[in-house]
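The numbering of the sequence shown is the numbering used here, which starts it at 8 and goes up by one.
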Amino acid sequence: MKRPQLIASALAVAAPILAGAAAAQDRPPLFPTRDVSVAYRVTETQARPAGQPALPGMTLSWLAAAQTMRVDLAGMGWMVADHRAQRGFMVMEQMRMVMNIPMDQVAKHTGMSPTARFRRTGSATVAGHGCTVWNFEDGNDRGTACITTDGVMLRAQGSAQGQSGSMEATQVTYGAQDPARFQVPAGYQTMQMPQGMPNIPGLSGAPRR
8 MKRPQLIASA
18 LAVAAPILAG
28 AAAAQDRPPL
38 FPTRDVSVAY
48 RVTETQARPA
58 GQPALPGMTL
68 SWLAAAQTMR
78 VDLAGMGWMV
88 ADHRAQRGFM
98 VMEQMRMVMN
108 IPMDQVAKHT
118 GMSPTARFRR
128 TGSATVAGHG
138 CTVWNFEDGN
148 DRGTACITTD
158 GVMLRAQGSA
168 QGQSGSMEAT
178 QVTYGAQDPA
188 RFQVPAGYQT
198 MQMPQGMPNI
208 PGLSGAPRR
């Protein structure tokens, strides 16, 4: 599996997990309210084809005031979704390339769905932090996510866009994020997202935000 496709696969599993804008009034926060970085363990529920590498660990970092999210995949590269500026891009470090991603595709990747419905079903503690458990449903996509009162997704599982899996926070670190980490690196070659590339998320709750 090529590197961009593996990145897409990992993010597709995470997409339904990241919680998004729901039409109902009773819903989780759309974005974290303060800067935070969260490391996750990501797993797939379907069987893995022979020879296909395991999905890498994932870290989501939020520049809260700018409503900008950075997704880091261990040893592979990273992606930024800037919701305020309506732009997204993926950085492939070893190839020194930046792939621009149309914001409508970023919305798919990060699971930002205006039609999503949420229903709170309880509470839990994950990685030492309390969170509210929400059931998620958007068409054929559904799952559960545990989200803090300040908008941090700690655990989720579900299915979306033909992918299913789960993710759980292993470490949550609050603190100011460096804005430079959310910018396109200098000196990298830029390309557009190829036609037919698999859907990538995000994120705004594996199941979707």
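Beta carbons are placed, not taken as given, at the ideal position from N, Cα and C, and that holds for glycine.
Only a predicted model underlies this, so the values are computations on that prediction, with no experimental measurement involved.
Bridge partners for residue i per DSSP, in chain order?
i              : result
leucine 67     : Val45, Val78
alanine 72     : Partner(s): none; alanine 72 has no beta bridge.
threonine 197  : Val105
methionine 99  : Met104
glutamine 178  : Ala46
valine 133     : His136
asparagine 142 : Arg126, Thr151
Rounded to whole angstroms, what is the Cα-Cα separation between residue i and residue j?
i              : j              : result
alanine 123    : alanine 134    : 26 Å
methionine 119 : alanine 131    : The pLDDT assigned to methionine 119 is 46, lower than 50, so where the model puts this residue is not dependable, and the model offers no usable value.
tyrosine 195   : arginine 162   : 34 Å
methionine 83  : glutamine 101  : 8 Å
methionine 106 : glutamine 178  : 29 Å
alanine 46     : isoleucine 108 : 24 Å
leucine 70     : proline 186    : 7 Å
methionine 200 : aspartate 145  : 26 Å
Within the same chain, show all residues whose beta-carbon is closer than 6 Å to that of residue i, passing over the 5 residues directly before and after it, in chain order.
i              : result
asparagine 142 : Arg126, Thr128, Thr151
glycine 5      : Outside the shown range of the chain (8 to 216) lies residue 5, about which nothing can therefore be said.
glycine 158    : Pro36, Phe38, Pro39, Thr40
alanine 183    : Asp42
Residue i: buried (16+ other C-beta within 10 angstroms of its C-beta) or exposed?
i             : result
glutamine 164 : buried
glutamate 175 : buried
alanine 88    : buried
proline 99    : With the sequence shown as reference, residue 99 is identified as methionine, and proline is not the correct amino acid for it. Looking at its Cβ environment, which holds 16 or more other Cβ atoms inside 10 Å, methionine 99 is buried.
threonine 155 : buried
threonine 197 : exposed
tyrosine 181  : exposed
arginine 103  : exposed
alanine 29    : For alanine 29, the pLDDT reaches just 38, beneath the cut-off of 50, and the residue's location in the model is therefore unreliable, although a value from the coordinates is still provided. The residue in question, alanine 29, is buried, as its Cβ has 16 or more Cβ neighbours within 10 Å.
valine 191    : exposed
Could you pull out every residue in the same chain whose Cβ sits closer than 7 Å to the Cβ of residue i, ignoring the five residues on either side in sequence?
i             : result
tryptophan 85 : Arg77, Val78, Asp79, Val98
Report all residues from its chain with a CB closer than 8 Å to the CB of residue i; omit the five preceding and five following residues, and keep chain order.
i            : result
glutamine 74 : Phe38, Asp89, His90, Arg91
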